[in-house]
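Structure first, then comments.
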Amino acid sequence: MGRYPVDVTTILVGVHVACAILTAFIFAIAHGGVLNYAMFDSAQVWHGQIWRLVTYALIHPPSGYALLWFAIEMYMLFFFGREVERFIGRRGYIWLYALLLIVPALILTLWGLTTRTGLAGSSALHFAVFAAFVTLYPNVQFFLRIPAKWIFVILAAIGTLSALAAHDWQDLVALWASIAVAFFFIEARGAGPELAWINSFKARFRPKPKLHIVQKPNARRTAEPDDVYESIDPILDKISRSGMGSLSENEKKILDRARARLLKKSD
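Okay, here's the thing in structure tokens:
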């Protein structure tokens with residue numbers, strides 16, 4: 399808007415904040431039972447109320463502790479979500495958020511064939527956004543110089559133990575289903591480093607390629623255009639659409655050379 403870019407994460411934060419304010423007015427003017435039509439209920443989903451697969455995440459009760467956790471959620475979504483969006487691109491981020499929203503609800507819907515299940519709130523969804531960030535940047539340090547991956551382990555353990563102690567199996571399933579979706583989505587895009595050992599293990603059992611002679615190409619230096627901005631415009635457009643992870647090695651080298659030339663000109 400104007401000179402300020404508006405990303406998907408900012409829009410999502412605005413939507414959730416608006417829903418929290420609306421929920422507070424509903425409790426003040428009407429009765430909180432109205433929200434029962436928005437929360438996830440497997441029995442009602444099987445009776446055709448499929449909007450519950452999405453609307454459950456927009457319920458934010460206006461109680462004291464719930465609003466405090468909601469503020470933490472919005473911080474995690476705004477801070478970590480923007481970094482994930484920048485890396486995987488706008489389209490990939492929309493797909494990630496949609497999967498985090500739908501997959502846990504679908505699992506609970508199938509579970510509802512034997513036992514009725516319910517779910518409300520977006521705590522697991524937005525914690526999974528943090529899990530996606532940790533998959534991308536596992537060693538980034540925060541307060542007290544603790545790496546992000548250990549903060550994730552601590553928070554995931556707290557959520558898991560709390561659900562186990564309360565016998566809240568539905569929240570436990572939603573939490574770990576969301577974490578798994580975030581982790582494997584980032585890994586599927588070739589961005590996460592944590593599964594590199596699997597590729598190394600597979601490489602040991604692959605047949606070795608046959609040797610063949612390759613003619614050495616003549617060393618020619620690629621001529622660079624005088625207009626540095628014109629040479630990197632297509633690359634910047636690609637970053638905007640698909641994130642830094644979509645660049646090839648050659649495109650990264652071109653971007654680094656252009657950056658060096660611009661720094662040299664500024665000197």
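Everything in the sequence shown is counted per this note's numbering, starting at 399 for the first residue and increasing by one. Heads up, the beta-carbon is just placed ideally off N, CA and C, and yes, glycines get one too.
Of the residues the options, the one placed nearest residue i, counting alpha carbons only
i: I470; options: H414, T507, G490; result: H414
i: L410; options: Y495, K636, P403, Y463; result: Y495
i: A586; options: I424, G643, E649, L542; result: G643
i: F705; options: V406, R543, F438, W509; result: The question about residue 705 has no answer, for the chain in this structure spans 399 to 665.
i: Y454; options: L517, G641, V538, D631; result: L517
i: P437; options: G412, L497, L506, A589; result: Looking at the sequence itself, residue 437 is Met, so the reference to Pro does not match. Here the closest residue by C-alpha is L506.
i: K547; options: A563, A564, A529, F541; result: A529
i: T515; options: S461, W444, M472; result: W444
i: G479; options: A526, A428, A464, T421; result: A526
i: F550; options: S646, L456, F581; result: F581
i: L456; options: G412, V571, K636; result: G412
i: F583; options: L498, L634, G431; result: L498
i: W493; options: V579, D631, L475; result: V579
i: S646; options: F603, G588, P605; result: G588
i: K636; options: M474, L465, Y535, R488; result: R488
Which residues DSSP lists as bridging residue i, in chain order
i: Q539; result: P545
i: L365; result: Any property of residue 365 remains undetermined from this structure, which presents the chain solely from 399 to 665.
i: G479; result: None, per the DSSP bridge assignment.
i: T516; result: The displayed chain sequence assigns Gly, not Thr, to residue 516. In DSSP, G516 forms a bridge with D439.
Residue i burial status per 10 Å Cβ neighbour count (16 or more: buried)
i: E483; result: buried
i: I577; result: buried
i: T512; result: exposed
i: I486; result: buried
i: I448; result: exposed
i: Q568; result: buried
i: V532; result: buried
i: I427; result: exposed
i: Y491; result: buried
i: S461; result: exposed
i: A572; result: buried
i: L508; result: exposed
i: A418; result: buried
i: S440; result: buried
i: H565; result: exposed
i: I544; result: exposed
i: H458; result: buried
i: L634; result: exposed
i: R657; result: exposed
i: A575; result: buried
Original post:
Which whole runs of the alpha helix (DSSP H) in the stretch 419-465 are 4 residues long or more, in chain order?
Top reply: 440-444, 450-453
Subject >> the stretch 557-571 / the stretch 507-521 touching (three or more Cβ pairs under 8 Å) >> reply: yes
Subject >> Cβ contact check for the stretch 497-509 and the stretch 644-660: 3 or more pairs under 8 Å >> reply: no
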